[in-house]
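J.: If you're matching positions, the sequence shown starts at 488 in the numbering used here and goes up one per residue.
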Amino acid sequence: MKVTQPKVPFCQSCGMPMGRPEDFGANDDGLKNNDYCHFCFKEGKFTEPNITLDKMINKVTDFLVQLRHMTEVEAGQLAQSFIPKLKRWRG
Ligand SMILES: [Zn+2]
Numbered sequence: 488m489k490v491t492q493p494k495v496p497f498c499q500s501c502g503m504p505m506g507r508p509e510d511f512g513a514n515d516d517g518l519k520n521n522d523y524c525h526f527c528f529k530e531g532k533f534t535e536p537n538i539t540l541d542k543m544i545n546k547v548t549d550f551l552v553q554l555r556h557m558t559e560v561e562a563g564q565l566a567q568s569f570i571p572k573l574k575r576w577r578g
């Protein structure tokens with residue numbers, strides 16, 4: 488049996504999967520931005536332009552604890568393993 492998993496793009500700032508058109512951020516011309524989600528990117532700008540990598544990791548950790556019911560340690564490890572690899576943070 489072959490299991491095909493559709494590849495969902497994910498935000499290159501916070502790692503959120505973007506499965507629906509409304510999950511994507513928007514450029515200043517109103518067109519969707521394929522790299523970032525609507526939490527991170529609106530009207531062509533980052534919503535929190537000065538957020539640091541550490542702060543983003545903390546934010547995503549809280550998110551995972553609440554939404555995925557992970558422990559804080561598990562969520563923290565997961566966030567630290569993938570957030571620094573995203574386009575926004577690779578420098
Ligand atoms: Zn995002």
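Glycine included, every Cβ here is placed at the ideal spot set by N, Cα and C.
Let me confirm a value: F511 is counted as buried when at least 16 other C-beta atoms fall within 10 Å, else exposed. Which label applies?
T.: With 16 or more other Cβ atoms within 10 Å, it is buried.
J.: Along the chain, which unbroken stretches of the alpha helix (DSSP H) at least 4 residues long are found entirely within the region 513 to 545?
T.: List check, alpha helix (DSSP H) in window: nothing returned.
J.: If you drop the 5 nearest sequence neighbours on each side, which residues of the same chain put their C-beta closer than 6 Å to that of R555?
T.: Correct list: empty, nothing qualifies.
J.: I'd like the list of long-range same chain contacts for C579, defined as Cβ closer than 7 Å, with 5 residues on each side in sequence excluded.
T.: The question about residue 579 has no answer here: the residues shown for the chain are numbered 488 through 578.
J.: Kindly list the residues whose CB is nearer than 7 Å to the CB of V552, restricted to its own chain and excluding five residues on each side of it in sequence; keep chain order.
T.: Contacts found: E559 and A562.
J.: Looking at P496: is its Cβ nearer than 8 Å to the Cβ of N514?
T.: Going by C-beta atoms, P496 is not nearer than 8 Å to N514.
J.: Tell me, to the nearest whole angstrom, how far the beta carbon of I538 is from that of A566; I am working on the premise that it is less than 8 Å.
T.: Not confirmed; about 14 Å, so no contact.
J.: Cα separation between K572 and G578?
T.: Each residue's alpha carbon lies about 10 Å from the other.
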